[in-house]
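Down below is the structure, laid out as structure tokens.
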Amino acid sequence: MLDRFVSVLSCFSVHEPVATAAEIRARTGLPPTTTNRLLRSLVDRGVLSQDLRGYKLSLRFVGWAEVAKAGSDLVEASTPILAELRDRSGESTGLALLDNDCRYVINNCSSRRSIVFHTEIGQTLPLYAGSGGKVLLAFSDQLPKLKRLTKLASGTITSRAKLEKELELIRERGWAYAQSEREDGLNSVAAPVLDAGGLIGSMTIGGPAFRMGEDRAEELGLMVLDAARELSLAIGYQGKYPPVRETDDT
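Heads up, the final residue of the sequence shown is numbered 250 in the UniProt record's numbering, and it's a clean run with no missing numbers.
So, in structure tokens, the structure goes:
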């Protein structure tokens, strides 16, 4: 099945960025029913987009290309830091990059415990739900436009006024905390990661709510703050940490 998906994606190029279903069938040699099923699946997952001319690669590939380009050095630099943070906290750790109105996971280190929080490399996560996303919103110079604050779990913040109040708190202390915002029973803390050009992503500690309650929030928040600072300095950031968000306010 994976080979078939790759064969469909390989039908597109700089010179031929759009293809009809018939052209894709001809190029891949796949039966019509198989081709149509693959195309529907890729469109549903946001990998392909469709218009009157046919199918084309979605803009998600722009984000994936940036992850591939920026991720190689970051993965190497962040791996030992994430591993140490995992061992200190006892929970899973991760690193995600900011990309427009979402974040992409580029590295993680799973907890050694039996019940763990886990994200997949390349997984796309929202900005408004979860500590890793909120910390990006808090320290981004230009706030991404959030279309809707869709409720994803029992703790998801769906009020823009409440979210802005939360972002102010994050800016004050430098780290974010989330309780069942993206998934029920999952809590996390996060801190911003910066390079010489500014904010690029967030580092996260995540785990089950029964191990990451409010009683551990500050302890783990300061822990991830130290680790994110270490990574930021290692990749060229030289400014104040936690950063001071630039605004257009007078």
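Where is the CB? At the ideal position from N, CA and C, for every residue including glycine.
Per the C-alpha coordinates, the member of K147, K240, I106, Q179 positioned closest to L74 is I106.
DSSP links T93 through a beta bridge to C109, I205. Taking the C-beta atoms as reference points, P126 is found no nearer than 8 Å to P192.
For G54, the enclosing beta strand (DSSP E) stretches over residues 54-57. In terms of CA proximity to R4, S41 leads the group T150, S41, G236. Counting along the chain, S49 sits inside no alpha helix (DSSP H); it lies in the beta strand (DSSP E) bounded by residues 48-51. In this structure, DSSP gives T158 a state outside helix and strand, which the three-state scheme calls coil. Nearest Cα to R112 within the set G122, R103, R88: R88.
In the structure shown, R103 adopts extended strand secondary structure according to DSSP, grouped into three states.
Per DSSP, reduced to three states, the secondary structure at G198 is strand.
With a cutoff of 8 Å on beta-carbon distance, G133 and R103 are scored as near each other.
Going by DSSP, P31 is part of no beta strand (DSSP E) at all; its letter is neither H nor E. Assigned with DSSP and collapsed to three states, V116 falls in coil, not helix or strand.
Within the same chain, L82, L85, R86, C109, I205 come within 6 Å of T93 by CB-CB distance, once the 5 residues on both sides are set aside.
Going by DSSP, A234 is part of no beta strand (DSSP E) but of the alpha helix (DSSP H) stretching over 214-234. In the three-state scheme derived from DSSP, where H, G and I count as helix and E and B as strand, V189 is classed as strand. According to the DSSP assignment, A138 belongs to no beta strand (DSSP E) but to the alpha helix (DSSP H) extending over 131-139. When rounded, the separation of the alpha-carbon atoms in S58 and S49 is 5 Å. By the criterion of at least three beta-carbon pairs nearer than 8 Å, the stretch 222-236 is in contact with the stretch 196-205.
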